[in-house]
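Notes follow once the structure below has been shown.
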Amino acid sequence: MNSGRLLQYNAAFLMLMGGGAAVADAIGHFYAKGPLAKVMFGAPLAISSFEAHLLAALFGLVLYHGSQQPERRPFHSLAAVIHIILGGSNLLFFDHAFGALDMRLFGLGITACHFGLVLLQALAAMSREGSRAALSIS
Numbered sequence: 035m036n037s038g039r040l041l042q043y044n045a046a047f048l049m050l051m052g053g054g055a056a057v058a059d060a061i062g063h064f065y066a067k068g069p070l071a072k073v074m075f076g077a078p079l080a081i082s083s084f085e086a087h088l089l090a091a092l093f094g095l096v097l098y099h100g101s102q103q104p105e106r107r108p109f110h111s112l113a114a115v116i117h118i119i120l121g122g123s124n125l126l127f128f129d130h131a132f133g134a135l136d137m138r139l140f141g142l143g144i145t146a147c148h149f150g151l152v153l154l155q156a157l158a159a160m161s162r163e164g165s166r167a168a169l170s171i172s
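Here's what the structure looks like:
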């Protein structure tokens with residue numbers, strides 16, 4: 035896989051999941067509807083989750099921009115760090131977040147995606163071939 039394409043897939047993942055979760059945060063907080071309503075409705079700290087999810091979407095835009103650059107290694111490194119933070123946060127707060135919402139299976143899947151992306155992005159960042167390296171994922 036081309037390193038630019040990897041960044042584009044990563045960007046799409048962050049924009050879709052981050053943006054979708056931000057919408058779910060807001061709907062749950064203000065209207066007591068959706069998958070996050072149980073913990074978001076009227077919660078004073080709903081802003082934290084909303085901001086974090088929007089920042090993930092914003093980082094997706096940054097990574098998409100990086101996919102268009104001739105030197106992509108810094109963007110692969112940034113992507114790996116983003117997913118270490120997101121996946122690590124999921125693990126740290128797993129029961130209080132996914133358990134409280136009875137969404138453990140979703141939590142496992144999304145956390146596995148984060149750590150899979152850590153691995154792929156770290157490999158791309160350390161590639162000897164440079165920023166235009168192709169990754170063999172087979």
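Counted the way our numbering counts, the sequence shown spans residues 35 to 172.
Ideal Cβ positions, reconstructed from N, Cα and C, are used throughout, including at glycine.
Quick caveat, the model's predicted, so the values are computed rather than measured.
For residue 85, the first and last residue of its enclosing alpha helix (DSSP H): Here residue 85 refers to the residue found at position 51 when the sequence shown is read from its first residue. That run of the alpha helix (DSSP H) goes 80-101.
For residue 164, the three-state DSSP class (helix, strand or coil): In the sequence shown, counting from the first residue as 1, residue 164 sits at position 130. Because the pLDDT of residue 164 is 48, which lies under 50, any placement of that residue in the model is unreliable, and the number read from its coordinates should be weighed accordingly. Of the three classes helix, strand and coil, the one that applies to residue 164 here is coil, per DSSP.
Short Cβ contact (8 Å threshold) for residue 94 with residue 160: The residue labelled residue 94 in the question sits at position 60 within the sequence shown. The residue labelled residue 160 in the question sits at position 126 within the sequence shown. No. Outside cutoff.
Other residues of its chain near residue 140: CB distance less than 7 Å, five sequence neighbours each side excluded: Numbered from 1 along the sequence shown, position 106 holds the residue referred to as residue 140. Taken in chain order, the residues that qualify are 132.
Spatial distance of residue 97 from residue 87 (CA atoms): For the purposes of this step, residue 97 is taken as residue 63 along the sequence shown, with counting starting at 1. For the purposes of this step, residue 87 is taken as residue 53 along the sequence shown, with counting starting at 1. Residue 97 and residue 87: Cα-Cα distance of roughly 15 Å.
Neighbour-count burial assignment, residue 64, 16 or more Cβ in a 10 Å radius: The residue given as residue 64 occupies position 30 in the sequence shown. Label assigned to residue 64: exposed.
Cβ neighbour criterion (16 or more within 10 Å) applied to residue 58: Counted from its first residue, the sequence shown places residue 58 at position 24. Answer is buried; the Cβ neighbour count reaches 16.
Assigned exposure category for residue 79 - 16 Cβ within 10 Å defines buried: Residue numbering aside, residue 79 sits at position 45 when the sequence shown is read from its first letter. Residue 79 should be labelled exposed.
Integer Cβ distance of residue 52 from residue 77, believed to fall under 8 Å: In the sequence shown, the residue the question calls residue 52 occupies position 18. In the sequence shown, the residue the question calls residue 77 occupies position 43. So it is not a contact: roughly 19 Å between Cβ atoms.
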